[in-house]
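By our numbering, the letter at position 46 of the sequence shown is numbered 51, and the numbering carries on one by one without gaps. Backbone N, C-alpha and C fix where the C-beta goes; we use that ideal spot for every residue, glycine too.
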Amino acid sequence: MTAAGPAIDVRPITDAEIPDWIRALNTGFLRHPGDSEAAIADGRTYIEPSRTLGAFDGGRCVATFRSFPQELTAVGGATVSADAISNVTVSATHRRRGLLTRMMTQDLAAAKERGDVVATLIAAEYPIYGRYGFGPATWMTEWAIDVPRAGLDPRWAGPDDGGRVDLVDADDVRKLGPELHERLRRAQPGAIDRSDRWWQVSTGALRPDPSRWTDRFHAVYRAADGTVEGLAAYHCDETWSDAKQPLNTATVRNLIAVTPAAERALWLYLCSIDWITKVKSGWRAPDDLLPLFLPDPRAATITTHADWLWVRILDVVRALEARTYEGTGTLVLEVLDRAGLAGGRWRLEASPAGGICTPTTESADLTLDVAELATLWLGDESAVRLAALGRVREERAGAARGADALLRTSRRPWCPDMF
Numbered sequence: 006m007t008a009a010g011p012a013i014d015v016r017p018i019t020d021a022e023i024p025d026w027i028r029a030l031n032t033g034f035l036r037h038p039g040d041s042e043a044a045i046a047d048g049r050t051y052i053e054p055s056r057t058l059g060a061f062d063g064g065r066c067v068a069t070f071r072s073f074p075q076e077l078t079a080v081g082g083a084t085v086s087a088d089a090i091s092n093v094t095v096s097a098t099h100r101r102r103g104l105l106t107r108m109m110t111q112d113l114a115a116a117k118e119r120g121d122v123v124a125t126l127i128a129a130e131y132p133i134y135g136r137y138g139f140g141p142a143t144w145m146t147e148w149a150i151d152v153p154r155a156g157l158d159p160r161w162a163g164p165d166d167g168g169r170v171d172l173v174d175a176d177d178v179r180k181l182g183p184e185l186h187e188r189l190r191r192a193q194p195g196a197i198d199r200s201d202r203w204w205q206v207s208t209g210a211l212r213p214d215p216s217r218w219t220d221r222f223h224a225v226y227r228a229a230d231g232t233v234e235g236l237a238a239y240h241c242d243e244t245w246s247d248a249k250q251p252l253n254t255a256t257v258r259n260l261i262a263v264t265p266a267a268e269r270a271l272w273l274y275l276c277s278i279d280w281i282t283k284v285k286s287g288w289r290a291p292d293d294l295l296p297l298f299l300p301d302p303r304a305a306t307i308t309t310h311a312d313w314l315w316v317r318i319l320d321v322v323r324a325l326e327a328r329t330y331e332g333t334g335t336l337v338l339e340v341l342d343r344a345g346l347a348g349g350r351w352r353l354e355a356s357p358a359g360g361i362c363t364p365t366t367e368s369a370d371l372t373l374d375v376a377e378l379a380t381l382w383l384g385d386e387s388a389v390r391l392a393a394l395g396r397v398r399e400e401r402a403g404a405a406r407g408a409d410a411l412l413r414t415s416r417r418p419w420c421p422d423m424f
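Right under this line is the structure:
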């Protein structure tokens, strides 16, 4: 392994270095490395140089790292401040020189100093981030629906609950979508906030890379009283067989709903569009209701199932006190953190109303790395499973089962977004 030499400078970038940083980012993500004026102009609208790190070798940017403020919903609906990490690359010419470690160390120390409760990221590769204290806290599943097999014969004609599905324009989505998403994320553990820029980009009002944009249809579900309870954005291809039979696919780019009725109506609407023979679901929760909305659930086939949102606990007390719990009980955790950011022994007094977490010298019930605590925090993973894998150590017989009774949730957490 070659050690990083003094010539490689890891630091926040300047405004003038944004073009070079974007070139390095595109190189790392195997995109066209050329710097277009449009991409640079767009980058200046969201890149905050003080939270954007670059590694510079001889004046050339060879590694990138960016973070930004985010709100993450904990179990029970409270939100915590998160240090959202994105745009992480190291050029192939500079691997194994400790550049990612230097950038991550700087960023997490700054996040801890700011008072962020957690850090978050979407991992392009699984093995990288565990060594920095991150653990997979939510998963996602994608389905492909074989519409002719779904059993909607005759095809669905609309909601039977007094609600309705309407097509709307992108301008309508920018007005209706943010409030609807706020209602969703306040009730969905693992969800994150969406900026105004997110809505601009997702509706085509802002097109950072016009060559990659596909126009979308937008449908909303309105309850009987007219309240918007669901929104779907999708695009369709134009594929026909040699026998002049339609073989078109509808690809969902975003579908959010705050009631099961809205969710059901939007999925059945998508499966009832003329000429559509396949629906691709996009990123959904692993326990999504989607398959069971269909008369024949086997028509929905899983095409992707993978880890999604990774979390790194920075403040154990605030993280554990931010969420609610399935039962009432006490748990003493010995949390190991090689980075020294969140380690210690903590006593959690948990109840459905919330938790009280304090430092303690009592004997631990469980010993675990801070990364394993992150996988348990949103309620998705099982301490019993982690103990079986040797990733959690029971210091008291039955402690893992007791932890599951407190920490796990009846529905799995879900993050609808990529960042």
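- DSSP places R71 in no alpha helix (DSSP H) but in the uninterrupted beta strand (DSSP E) bounded by R65 to T78.
- For L319 against K117, the beta-carbon gap comes to about 5 Å, under 8 Å, which counts as contact.
- Assignment of beta-bridge partners to H310 by DSSP yields T146.
- Here K285 is bridged, per DSSP, to A149 and T256.
- Around the beta carbon of F34, fewer than 16 other beta carbons sit within 10 angstroms, so the residue counts as exposed.
- Checking the DSSP bridge columns, you'll see G359 partnered with S356.
- Listed in chain order, the beta strand (DSSP E) runs fully inside the segment 104-142 are 123-127, counting runs of at least 3 residues.
- Counting the other CB atoms within 10 Å of its CB gives I307 a total below 16, which places it among the exposed residues.
- The Cβ neighbour count for A379, taken over all protein chains shown within 10 Å, is at least 16; the residue is labelled buried.
- From the listed residues I197, V170 and G407, the smallest Cα separation to G231 is found for V170.
- Per DSSP, R401 is not a residue of any beta strand (DSSP E), being assigned neither H nor E.
- Annotation for P291: no alpha helix (DSSP H) segment contains it, and DSSP assigns it neither H nor E.
- A Cβ-Cβ contact shorter than 8 Å links R352 with E367.
- Residue R258 holds the alpha-carbon nearest to the alpha-carbon of S207 among L336, R258, A87 and S91.
- Taking a C-beta distance under 8 Å as the contact criterion, D374 and E400 do not qualify as a contact pair.
- Considering only A248, T219, P215 and A270, the residue with the shortest C-alpha distance to V233 is A270.
- Around I133, the same chain offers L105 as residues with beta carbons nearer than 8 Å, after the five sequence neighbours per side are excluded.
- Sorting A327, L346 and T365 by C-alpha distance to the C-alpha of A355 places A327 at the top.
- Taking A83 as the centre and dropping the five residues before and after it, the same chain places the C-beta of A327 closer than 6 Å to its C-beta, in chain order.
- In the three-state scheme derived from DSSP, where H, G and I count as helix and E and B as strand, Y330 is classed as coil.
- Where E386 is concerned, there is no enclosing alpha helix (DSSP H), because DSSP gives it neither an H nor an E.
- For V67, the closest of A46, V80, E22 and D47 by C-alpha to C-alpha distance is E22.
- Look at W280 here: in three-state DSSP terms it is coil, with no helix or strand label.
- A distance below 8 Å separates the beta carbons of G384 and V80.
- The count of Cβ pairs closer than 8 Å, one atom from the segment 293-307 and one from the segment 143-161, reaches three, so the stretches are in contact.
- With a cut-off of 8 Å on Cβ pairs, the segment 92-110 is in contact with the segment 52-62, counting three or more such pairs.
- Taking the Cα of G140 as reference, the smallest distance to any Cα among P74, I27, T69 and W313 is reached at W313.
- In the same chain as I27, and ignoring 5 residues on each side of it, the C-beta atoms closer than 7 Å to its own belong to D40, A44, I45 and G48, in chain order.
- Following the DSSP letters along the chain, one finds D214 in no alpha helix (DSSP H), marked with neither H nor E.
- DSSP places I45 within a helical segment (H, G or I) once states are collapsed to three.
- Distances from the alpha-carbon of D293 to those of L126, T143 and D88 put T143 closest.
- For F222, the closest of M145, G195, L236 and P213 by C-alpha to C-alpha distance is L236.
- Taking 8 Å as the cut-off, the beta carbon of D201 is found no closer than this to the beta carbon of Q75.
- The shortest C-alpha to C-alpha distance from T335 to any of R406, A393, L394 and L341 is the one to R406.
- The three-state secondary structure of W161, taken from DSSP, is coil.
- In this chain, the alpha helix (DSSP H) harbouring P24 covers I23 to G33.
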